[in-house]
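*Asks:* Questions regarding the structure given below will be posed in turn.
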DNA sequence: CAAAATACGTAACATACGATACAGCGCTCC
DNA sequence: GGAGCGCTGTATCGTATGTTACGTATTTTG
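Protein chains in written order, with UniProt numbering: chain P, 1 to 275; chain G, 1 to 275.
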């Protein structure tokens, strides 16, 4: 069973003529990056001619050079997507059904934050803290609880925070209250919900500032969003994981609270006394 | 000091117009592979036009697209050469306001799972999967979204799963439906809510099997619970973090789903056809 | 040792790719 | 409300790229 192109090559390198073998060896030596460059560069690196490279990839079973490159890219993508598989040391993972799930979740969080700069988070926090209008939050089938969670916290440190719940018709009608000064926080991961996309589009047309929490494949709502947070969701389970997005949400809640420290503290004391 | 293109992007993403920002976000989301594909593919993935992609790379300081791709490839090459550097990175993110929060959260999860054996989790999953009656879920002020999240998933793989929402009176009345064969999942972290404690006590008296998600200081409900999950909640923020509990919840959801695999799959297919 | 077959590179070709000019649109600022 | 500016997509263009045909060199075989 051959799963990678590198294996395929070492499998057939014996049957190749001299020049093609040199091509194969240079590819293995700087795998797989040389293969992603142009035929001319590849051939120069290997010290052979361009047609030799093309004959080489043809012998591997690819119809043409681009097809070969796509295969390499797919392989790379799979490798980069799950850092777990690379560092996976079966010894440490006690063999229980739990650990892989936890490991994947931790990886997802690291990856999510690796693609998310402090600057971006600060920007979003500032948007949420210093918006001049209202804040609305909404989520999809599985992510709506995240919207609720965030709303529950934000509503304590600032006024005019609303979670949009219930039937579609109900929150669609709230669009009439939304304008340029307002912020709409949307949670939407696969499978993306049409109703949410439509909602986001309309809100966008009304000039609402949209902050989107989505997965790495980006909900179509990304087109309308001013800020996009792409969290990793893949775990060894039947379901996608929203844990990474949850942590980002908590981070933002913390950041907003900090930015509103002075006003927020006063507000919290007021709330306490209301009990 | 900017060492990677990803950093360069997050540094300048603030100064970019909307469409270029979309390009930036899609690149970050599938970093860096999208950038190695053709302009046409990149633009399609981002939902913008080709010139926008070119303007985007120009803004990053590259003379042309190939030069941009070469830079990405060089970066990838460096990364692939030394796998250490990519896992080593969390410290390098500059000590911004983010890292401590993330670090603390990751620690919380590790600690939480360290005190939680596979056996315990399997037991709880079995309880939830093979209960003979109904499952009820409820949470406190900030944790109710977690109850909702879990309910949303469990309700798909098995029947008779109910989230108790709304006013106290409403769910108090549901006690009349609860008995020995039923399971009640409660989320309760500081500050523990009296109403929940009373509710749990009554349910316990009726013989309901209680599964409690709480923090490391244990809600008073622990006295009535058959299973207790104690998650770490401390983070450098004004709020406690429910992230660890969230991950445990997801883990349980996954485990229950696996245990119900055969029946659950049938049920999921049925649900799909209902749409 | 000769003849054939295979391997390999040079050079011409066609295509698909990146680049550019331009026009429409929305937004902001008087 | 109007003028100006900046952003974005469409259409076009030139070119770099992959591809192919062909001739020479090299090896193989009878």
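We treat Cβ as the ideally placed atom computed from N, Cα and C, and that holds for glycine.
What residues of chain P sit near residue 26 of chain G, judged by a beta carbon separation below 8 Å?
*Replies:* Ordered by position in chain P, the residues that pass the 8 Å Cβ test against residue 26 of chain G are 218 and 222.
*Asks:* Say whether the segment 129-136 of chain P touches the segment 157-171 of chain P, bearing in mind that this needs 3 or more beta-carbon pairs closer than 8 Å, one atom from each stretch.
*Replies:* Yes: the two stretches touch, three or more of their Cβ pairs being nearer than 8 Å.
*Asks:* Examine chain P for any beta-carbon lying closer than 9 Å to the beta-carbon of residue 64 of chain G, and answer yes or no.
*Replies:* For residue 64 of chain G, the answer is no, since every Cβ of chain P falls outside 9 Å of its Cβ.
*Asks:* Entirely within the segment 174-257 of chain P and at least 4 residues each: give me those alpha helix (DSSP H) ranges in chain order.
*Replies:* As far as the segment 174-257 of chain P is concerned, its whole alpha helix (DSSP H) runs of at least 4 residues are 194-205.
*Asks:* Of the residues G:77, G:247 and G:140, which one's Cα is nearest the Cα of residue 107 of chain G?
*Replies:* Comparing Cα positions, the closest option is G:247.
*Asks:* Taking 8 Å as the limit between beta carbons, can you name the residues of its chain near residue 170 of chain P, skipping five residues before and five after?
*Replies:* Once the five neighbours on either side are set aside, the close Cβ partners of residue 170 of chain P are 164.
*Asks:* Along chain P, which residues have their Cβ under 8 Å away from the Cβ of residue 109 of chain G?
*Replies:* In chain order: 102, 105 and 106.
*Asks:* Taking residue 146 of chain G and residue 187 of chain G to be in contact with their CB atoms under 8 Å, please state how far apart those CB atoms are, rounded to whole angstroms.
*Replies:* Sure, about 5 Å apart at Cβ, within 8 Å.
*Asks:* Could you check if residue 40 of chain G is buried or exposed, using at least 16 other CB atoms within 10 Å of its CB as the buried criterion?
*Replies:* With fewer than 16 other Cβ atoms within 10 Å, it is exposed.
*Asks:* For residue 118 of chain P, which of P:261, P:251, P:260 and P:257 has the nearest alpha-carbon?
*Replies:* Selected option, being the one with the closest Cα: P:251.
*Asks:* Find out if the Cβ-Cβ distance for the pair residue 109 of chain P, residue 105 of chain G is shorter than 9 Å.
*Replies:* For residue 109 of chain P and residue 105 of chain G, yes; Cβs fall inside 9 Å.
*Asks:* Listing by chain order, which chain G residues have their CB less than 7 Å from the CB of residue 128 of chain P?
*Replies:* Per Cβ cutoff of 7 Å: no residues; residue 128 of chain P is ~15 Å from chain G at best.
*Asks:* To which residues does DSSP link residue 161 of chain P through a beta bridge?
*Replies:* Residue 161 of chain P pairs with P:135.
*Asks:* If you compare alpha carbons, which of P:102, P:59, P:46 and P:47 is closest to residue 11 of chain P?
*Replies:* Closest option to residue 11 of chain P, Cα to Cα, is P:59.
*Asks:* Using the Cα positions of residue 168 of chain G and residue 153 of chain G, report the straight-line distance between them to the nearest angstrom.
*Replies:* Near 24 Å, if we compare the C-alpha coordinates of residue 153 of chain G and residue 168 of chain G.
*Asks:* Output needed for residue 155 of chain P: all residues of its chain with C-beta closer than 6 Å, excluding positions within five of it in sequence on either side, in chain order.
*Replies:* Contacts found: 161.
*Asks:* Which residue from P:143, P:65, P:261 and P:32 puts its Cα closest to that of residue 241 of chain P?
*Replies:* Closest by alpha carbon: P:143.
*Asks:* Which one of G:258, G:16 and G:190 has the shortest CA to CA distance from residue 56 of chain G?
*Replies:* Closest by alpha carbon: G:16.
*Asks:* Can you check whether the C-beta of residue 11 of chain G is within less than 9 Å of a C-beta belonging to chain P?
*Replies:* So, interface residue.
*Asks:* Can you tell me whether residue 108 of chain G is helix, strand or coil according to DSSP?
*Replies:* Residue state, collapsed to three classes: helix.
*Asks:* Buried or exposed for residue 130 of chain P, please, with buried defined as at least 16 other CB atoms from any protein chain shown within 10 angstroms of its CB.
*Replies:* Classification for residue 130 of chain P: exposed.
*Asks:* Does the CB of residue 306 of chain P have a neighbour CB from chain G at under 9 Å?
*Replies:* Lying outside 1 to 275, the shown extent of chain P, residue 306 of chain P is not represented and no answer is given.
*Asks:* Along the alpha helix (DSSP H) that carries residue 52 of chain P, what are the first and last residues, could you check?
*Replies:* Residues 50-59.
*Asks:* Quick check on the DSSP output: what are the complete alpha helix (DSSP H) runs of length 4 or more inside the segment 15-48 of chain P, in order along the chain?
*Replies:* Complete alpha helix (DSSP H) runs here, min 4: 18-29, 33-36 and 39-46.
*Asks:* At a Cβ threshold of 9 Å, is residue 134 of chain P touching chain G?
*Replies:* It does not: the Cβ of residue 134 of chain P has no partner Cβ on chain G nearer than 9 Å.
*Asks:* Hey, could you find the ends of the alpha helix (DSSP H) residue 128 of chain G is sitting in?
*Replies:* From DSSP, the alpha helix (DSSP H) with residue 128 of chain G extends over 118-129.
*Asks:* Kindly indicate which three-state DSSP category residue 141 of chain P falls into: helix, strand or coil?
*Replies:* DSSP places residue 141 of chain P in coil when its eight states are reduced to three.
*Asks:* Can you grab the Cα-Cα spacing for the pair residue 83 of chain G / residue 31 of chain P, in whole Å?
*Replies:* Any reading at residue 83 of chain G needs caution, since the residue's pLDDT is 42, under 50, leaving its predicted position unreliable; the model's value is listed next. Cα-Cα distance, rounded: 14 Å.
*Asks:* Out of G:230, G:234, G:269 and G:253, which has the shortest C-alpha to C-alpha gap to residue 122 of chain G?
*Replies:* Here the closest residue by C-alpha is G:253.
*Asks:* State the Cα-Cα distance for the pair residue 255 of chain G and residue 232 of chain G, rounded to the nearest angstrom.
*Replies:* If I take the Cα positions, the gap works out to 21 Å.
*Asks:* Residue 169 of chain P by DSSP, collapsed to three states: which one?
*Replies:* Three-state result, residue 169 of chain P: helix.
*Asks:* Compute the Euclidean distance between the alpha carbons of residue 261 of chain P and residue 219 of chain G, then round it to the nearest angstrom.
*Replies:* Using only the alpha carbons, I get a separation of about 29 Å.
*Asks:* Quick check: the Cα distance between residue 49 of chain G and residue 70 of chain P, rounded to an integer number of angstroms?
*Replies:* Residue 49 of chain G and residue 70 of chain P: Cα-Cα distance of roughly 22 Å.
*Asks:* When the distance is taken between beta carbons, is residue 221 of chain G closer than 9 Å to residue 196 of chain G?
*Replies:* Contact: yes.
*Asks:* Pick out whichever of P:120, P:34, P:190 and P:181 has its Cα sitting closest to the Cα of residue 7 of chain G.
*Replies:* Of the candidates P:120, P:34, P:190 and P:181, the one whose C-alpha sits nearest the C-alpha of residue 7 of chain G is P:120.
*Asks:* Which class does residue 62 of chain P belong to by DSSP, given the choice of helix, strand or coil?
*Replies:* If DSSP states are grouped into helix, strand and coil, residue 62 of chain P belongs with coil.
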